């Protein structure tokens, strides 16, 4: 067995597990030991510290390093139009709701990572309304400040768009030249529809105000235990229109929150109406 560069005990893992669970609700099981070691070891090298114990003590008083710690343990896997069946559903839903309300609508990408999801939502809205200025605004949030910076820049390697339809790439992306060859940038009109903000879903106070026409909270719940998932659903429920849609990941289920959301299709849910007078 390969000897580790730094001693890493079960006590070290347990301390890290508790820290990230308390702060972000991320539930790390024993099978994540090697992943945690690998990612936090990079921070030990960066800080010049020689033990996990010293590193964890530093987190108490170093806010900047704390953010690096959180960013290191946040998994960011995404792509443009991931789980593509969701986007026609979003298009039909928002168009119908706008026809009914005749007002601008808000959408939320609740774990936006490097931005592919909210930009996919924005492109869908542009095509849905046939306008570069559709009556929609998109809030995009994430816990990881590093990926938010990438998302806001809207710059990606050309490989990220290779599998997208050529017409879509031509309309919505600008290809880099010279020193930027091999890169693409999201069209400014698409970027203008999205507002990126750092946000921890476990925060006591949620600054955003509804109603949202739709919330994408995909491939997020799998990192939380069931009680934390339920509390998040309790927070999301009143932020949606009564007919609003909640999109979740293909491996996520809300059966344990059946009093809050009911299925309306494959990994798409709608709020359950609450009796009048009942607090949420």
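In my numbering, the protein residues as written are 3 to 282.
Don't be surprised by glycine CBs; every beta carbon is placed ideally from N, CA and C.
In this text the structure is predicted, and so the values were computed from the model without any measurement.
{"Item": "Given 8 Å, three or more beta-carbon pairs between the segment 111 to 125 and the segment 140 to 151", "Value": "yes"}
{"Item": "Simplified DSSP assignment, three categories, for residue 144", "Value": "strand"}
{"Item": "Cβ contact (3+ pairs, closer than 8 Å) linking the segment 221 to 236 and the segment 170 to 177", "Value": "no"}
{"Item": "Ordered list of beta strand (DSSP E) runs contained in the segment 104 to 128, each at least 3 residues", "Value": "107 to 111"}
{"Item": "Pairwise C-alpha distance: residue 146 and residue 136", "Value": "28 Å"}
{"Item": "Distance, residue 47 Cα to residue 66 Cα", "Value": "16 Å"}
{"Item": "Rounded Cβ spacing between residue 223 and residue 26 (contact assumed at less than 8 Å)", "Value": "Incorrect: roughly 13 Å between the Cβ atoms, too far for contact."}
{"Item": "Residue 193: first and last residue of the uninterrupted alpha helix (DSSP H) it sits in", "Value": "190 to 193"}
{"Item": "Close-in-space but distant-in-sequence residues of the same chain around residue 163 (CB under 7 Å, 5 per side omitted)", "Value": "82, 171, 175, 186"}
{"Item": "Residues near residue 267 by beta carbon distance below 7 Å, same chain, minus five either side", "Value": "91"}
{"Item": "Start and end residues, beta strand (DSSP E) containing residue 242", "Value": "242 to 249"}
{"Item": "Where the beta strand (DSSP E) through residue 6 begins and ends", "Value": "Run containing residue 6: none; DSSP gives neither H nor E here."}
{"Item": "Where residue 33 falls, given that 16 or more other Cβ within 10 Å makes a residue buried", "Value": "exposed"}
{"Item": "Rounded C-alpha distance that separates residue 5 from residue 31", "Value": "22 Å"}
{"Item": "Segment limits, beta strand (DSSP E) that includes residue 158", "Value": "157 to 159"}
{"Item": "Start and end residues, alpha helix (DSSP H) containing residue 174", "Value": "168 to 174"}
{"Item": "Where the alpha helix (DSSP H) through residue 229 begins and ends", "Value": "228 to 238"}
{"Item": "For residue 62 and residue 89, the rounded distance between their alpha carbons", "Value": "43 Å"}
{"Item": "Integer-rounded CB distance, given that residue 39 should sit under 8 Å from residue 10", "Value": "5 Å"}
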